[in-house]
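All remarks here apply to the structure that follows.
Residue numbers (the numbering used here): 4 to 561.
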């Protein structure tokens, strides 16, 4: 059945984790919301499906570490409202050579933001995690950072939870409905300013065309994952530097006793060095807790239950997730992918080449014969990369009608804003970019999460809703006027004072708490020159066997 010409306060395009969280947040704030998905709800063709995603506080980037307490709190709040949690706490280990700069940054961020962690060096790391093999004589070069509250988010269950909560608050959800165009309404009486919308005005400003009819709305959020680039180019006239990658995740069978759900809580507690907690967790499991199992409960060196969630900060860039859903299988994969310029026409089968040529030697070196040398199961997932692997969360003017006028204004302003390489134009910092964008017909974009955004889902939903509804102080636009995006040391603040190195993360957290989206997530950071051109996306290319993988590096990944 077609939609006719319905009207909503907000239309959200894309029902993955980001769009579902945005729909929930907006509906909870009293807006009428329509959430549109081009495929089936909970489909497996994008970036939000599957059994597991990592959630962790440990980041090399100070601003992400600073944001994680708020992300954790929003996950907990939504879980309490839903009555169940998609999160399993396992503890997480970041390890690698002490000379690795990213691993050193992880430790520094933990210290800067009071993240509970344990530093394990050499023999202490071997003793705590005997299931991992390290080369003889490497003790002096070996460092691990263990964070006890890292864990695994069940991806599909998480998306379903936020969709259910959005519907509970009155949002309408429609799948199999592709969006073909997003346009400003041409009727001047209908195309009112942003202030009318923020203040609760009912006048429609945006026309959304779909495969099942059209709908009007006051605001639109595009969170379309790997499909966002093409849709946004049609809608805004701007080609954002969004590059889809096709990544393959692989599952490997672990030898030894202990099933997929056996003693996972005591294993995590024991890894954290808490024998009392391990005993309590074991008692809870025997009483029918979440990790109860009829297994004998032994956790041998090769058991999947004793292998922690881990990230290898060295070549190759590998992450691993312990067995939770599949008996005796661990998920060990590369943080990388192959170019996927057209997500609608990508190969249907996962690419096993890198798994066999890169992961098998690494697994044999780290796990010996305790892990199979062939993946038991593989599945495909999409990353949508930005050049710097930071997110794009911003307002962008539409390309026609009144939006075209604002696009021209923003092009002029773009030339004065900070360039993507950290240089500043003459007018940087004179006026908030949000003040320019906020005058016309704009849409909100949440895209480019670069393979590490899932854990931030509810926080991104909050930021998208803040952009739709305006700042906490009633102004519109939604991005700060902090400049110096290219580097986080010596950042110039609005008052002209220099921000000391290591403090930007706290500044970013305070902005987000107050409903202001930091400009480090603005698409304008990729602008160069005076014509408003956008930098092309170009992750590093490293040869792997006969093919080429686009590697994100260990910085923001996983």
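In this text, a Cβ means the ideal position worked out from N, Cα and C, and glycines have one as well.
Quiz item: By DSSP, does residue 412 sit in helix, in strand, or in coil?
Solution: In the chain shown, residue 412 corresponds to position 409, counting from 1. The predicted position of residue 412 is uncertain, since its pLDDT is 47 and thus under 50; a value taken from the coordinates is nonetheless stated next. The three-state secondary structure of residue 412, taken from DSSP, is helix.
Self-check item: N-terminal and C-terminal residue of the alpha helix (DSSP H) that residue 367 is part of
Solution: Position 364 of the chain shown holds residue 367. For residue 367, the enclosing alpha helix (DSSP H) begins and ends at 363 to 370.
Exercise. Within its chain, find whatever has a CB closer than 6 Å to the CB of residue 184; leave out the 5 residues flanking it on each side and keep chain order.
Key: Here residue 184 is taken as the residue at index 181 of the chain shown, counted from 1. If we look at residue 184 and ignore the five residues flanking it on each side, its Cβ neighbours are 212.
Quiz item: Smallest Cα separation from residue 353: which of 169, 382, 49, 365?
Solution: Sequence index remark: in the chain shown, residue 353 carries index 350 (1-based). Nearest C-alpha to residue 353: 382.
Quiz item: If we call anything under 8 Å between Cβ atoms a contact, is residue 251 one with residue 158?
Solution: As a first step, residue 251 is located in the chain shown; it is residue number 248 there, counting from the start. As a first step, residue 158 is located in the chain shown; it is residue number 155 there, counting from the start. In this structure, residue 158 does not lie closer than 8 Å to residue 251 by Cβ.
Exercise. Along the alpha helix (DSSP H) that carries residue 232, what are the first and last residues, could you check?
Key: Sequence index remark: in the chain shown, residue 232 carries index 229 (1-based). 231 to 239 is the extent of the alpha helix (DSSP H) around residue 232.
Quiz item: Quick one: Cα of residue 83 to Cα of residue 369, how far?
Solution: Counted from its first residue, the chain shown places residue 83 at position 80. Counted from its first residue, the chain shown places residue 369 at position 366. Near 39 Å, if we compare the C-alpha coordinates of residue 369 and residue 83.
Quiz prompt | Beta bridge counterpart(s) of residue 222 as assigned by DSSP | solution = Within the chain shown, residue 222 is the residue found at index 219, counting from 1. In DSSP, residue 222 forms a bridge with 13.
Quiz item: The alpha helix (DSSP H) with residue 23 in it runs from where to where?
Solution: By one-based count along the chain shown, residue 23 stands at place 20. For residue 23, the uninterrupted alpha helix (DSSP H) segment begins and ends at 20 to 31.
Practice problem: Go ahead and label residue 348 buried or exposed: buried means 16 or more other beta carbons lie within 10 angstroms of its beta carbon, across all protein chains shown. | Solution: Here residue 348 refers to the residue found at position 345 when the chain shown is read from its first residue. Classification of residue 348: exposed, given that the 10 Å Cβ count is below 16.
Exercise. Assuming residue 12 and residue 223 form a contact by the criterion Cβ under 8 Å, report the distance between their Cβ atoms to the nearest whole angstrom.
Key: Within the chain shown, residue 12 is the residue found at index 9, counting from 1. Within the chain shown, residue 223 is the residue found at index 220, counting from 1. With a beta-carbon spacing of about 10 Å, residue 12 and residue 223 fall beyond the 8 Å limit used to define contacts.
Quiz item: Taking the C-alpha atoms as reference points, what is the distance between residue 526 and residue 87?
Solution: Position 523 of the chain shown, counted from the start, is the residue given in the question as residue 526. Position 84 of the chain shown, counted from the start, is the residue given in the question as residue 87. Approximately 36 Å between the Cα atoms of the pair.
Quiz item: Based on Cα-Cα distance, which residue from 395, 44, 457, 29 lies nearest to residue 57?
Solution: For the purposes of this step, residue 57 is taken as the residue at position 54 of the chain shown. Comparing Cα-Cα distances from residue 57 to each of 395, 44, 457, 29, the minimum goes to 457.
Quiz item: How would you label residue 424, buried or exposed, when you count the other beta carbons within 10 angstroms and need 16 or more for buried?
Solution: Translated into the one-based positions of the chain shown, residue 424 becomes position 421. Since pLDDT at residue 424 reaches only 33, below the 50 mark, its modelled position is unreliable, and no value is offered.
Quiz item: Of all the options 374, 351, 375, 359, which has the alpha carbon lying nearest to the alpha carbon of residue 385?
Solution: Along the chain shown, read from residue 1 onward, the residue named residue 385 stands at position 382. Looking only at 374, 351, 375, 359, the smallest Cα-Cα distance to residue 385 is reached by 351.
Quiz prompt | Between the CA atoms of residue 119 and residue 166 - distance to the nearest angstrom | solution = Against the chain shown, residue 166 aligns to sequence position 163. Against the chain shown, residue 119 aligns to sequence position 116. The straight-line gap from Cα to Cα measures roughly 32 Å.
Quiz item: For residue 69, which three-state DSSP category applies?
Solution: Here residue 69 refers to the residue found at position 66 when the chain shown is read from its first residue. In this structure, residue 69 counts as helix in the three-state DSSP scheme.
Quiz prompt | residue 39 vs residue 15 beta-carbon contact at 8 Å | solution = By one-based count along the chain shown, residue 39 stands at place 36. By one-based count along the chain shown, residue 15 stands at place 12. Using a Cβ distance threshold of 8 Å, residue 39 and residue 15 count as a contacting pair.
Quiz item: So, is residue 249 buried or exposed, given that buried needs 16 or more other C-beta atoms within 10 angstroms?
Solution: Here residue 249 refers to the residue found at position 246 of the chain shown. So residue 249 ends up on the buried side.
Exercise. May I ask you to report which of helix, strand or coil DSSP gives residue 52?
Key: Start at 1 with the first residue of the chain shown, and residue 52 comes out as number 49. The three-state secondary structure of residue 52, taken from DSSP, is coil.
Quiz item: If we call anything under 8 Å between Cβ atoms a contact, is residue 28 one with residue 465?
Solution: Reading the chain shown from its first residue, position 25 is the one you call residue 28. Reading the chain shown from its first residue, position 462 is the one you call residue 465. Residue 28 places its beta carbon less than 8 Å from that of residue 465.
Quiz item: Secondary structure at residue 514, three-state DSSP: helix, strand or coil?
Solution: Along the chain shown, one-based indexing puts residue 514 at 511. It is helical.
Quiz item: Where does residue 21 land, buried or exposed, given buried means 16+ other C-beta within 10 angstroms?
Solution: Looking up residue 21 in the chain shown gives position 18. Answer is buried; the Cβ neighbour count reaches 16.
Exercise. Tell me where the alpha helix (DSSP H) around residue 130 begins and ends.
Key: Here residue 130 corresponds to residue number 127 of the chain shown, with the count starting at 1. In the DSSP assignment, residue 130 falls within the unbroken alpha helix (DSSP H) covering 126 to 131.
Exercise. Compute the beta-carbon to beta-carbon distance between residue 65 and residue 112, rounded to the nearest angstrom, for a pair I have assumed lies under 8 Å.
Key: Locating residue 65 in the chain shown gives position 62, counting from the first residue. Locating residue 112 in the chain shown gives position 109, counting from the first residue. Residue 65 to residue 112, Cβ: 5 Å. Contact.
Quiz item: Just how far apart, CA to CA, sit residue 448 and residue 148?
Solution: Here residue 448 refers to the residue found at position 445 when the chain shown is read from its first residue. Here residue 148 refers to the residue found at position 145 when the chain shown is read from its first residue. Spanning the two alpha carbons is a distance of roughly 35 Å.
Quiz item: Which residue spans inside the segment 101 to 187 form an unbroken beta strand (DSSP E) run of at least 3?
Solution: If only uninterrupted beta strand (DSSP E) runs of at least 3 residues are considered, those enclosed by the segment 101 to 187 are 121 to 124, 145 to 150, 154 to 156, 175 to 177, 182 to 187.
Quiz item: So, helix, strand or coil for residue 334, using DSSP?
Solution: On the chain shown, position 331 is the one that residue 334 refers to. DSSP places residue 334 in strand when its eight states are reduced to three.
Quiz item: For residue 365 versus residue 319, is the C-beta spacing smaller than 8 Å?
Solution: The residue given as residue 365 occupies position 362 in the chain shown. The residue given as residue 319 occupies position 316 in the chain shown. In this structure, residue 365 sits near residue 319, with a CB-CB distance shorter than 8 Å.
Quiz item: Who does residue 310 pair with in a DSSP beta bridge?
Solution: By one-based count along the chain shown, residue 310 stands at place 307. The partner list for residue 310 (beta bridge, DSSP) is empty, contrary to what the question assumes.
Quiz item: Could you give the distance in angstroms between the alpha-carbon of residue 571 and the alpha-carbon of residue 133?
Solution: No information on residue 571 is available, as it lies outside the stretch 4 to 561 that the chain covers here.
Quiz item: Can you tell me the Cα-Cα spacing of residue 315 and residue 226, whole angstroms?
Solution: Here residue 315 corresponds to residue number 312 of the chain shown, with the count starting at 1. Here residue 226 corresponds to residue number 223 of the chain shown, with the count starting at 1. Rounded to whole angstroms, the separation of the alpha carbons of residue 226 and residue 315 is 30 Å.
Self-check item: Spatial distance of residue 468 from residue 25 (CA atoms)
Solution: Position 465 of the chain shown, counted from the start, is the residue given in the question as residue 468. Position 22 of the chain shown, counted from the start, is the residue given in the question as residue 25. Answer to the nearest angstrom: the Cα atoms are 6 Å apart.
Quiz item: Does DSSP classify residue 461 as helix, strand or coil?
Solution: Here residue 461 refers to the residue found at position 458 of the chain shown. Reduced to three states, the DSSP call for residue 461 is helix.
Quiz item: Taking the Cβ atom as the reference point for each residue, do residue 231 and residue 36 lie within a distance shorter than 8 Å?
Solution: Along the chain shown, one-based indexing puts residue 231 at 228. Along the chain shown, one-based indexing puts residue 36 at 33. Taking 8 Å as the Cβ cut-off, residue 231 and residue 36 do not qualify as a contacting pair.
Quiz item: Since residue 240 contacts residue 402 with CB under 8 Å, what's their CB separation in whole angstroms?
Solution: Looking up residue 240 in the chain shown gives position 237. Looking up residue 402 in the chain shown gives position 399. Yes, they are in contact, since the Cβ atoms of residue 240 and residue 402 sit about 3 Å apart, within 8 Å.
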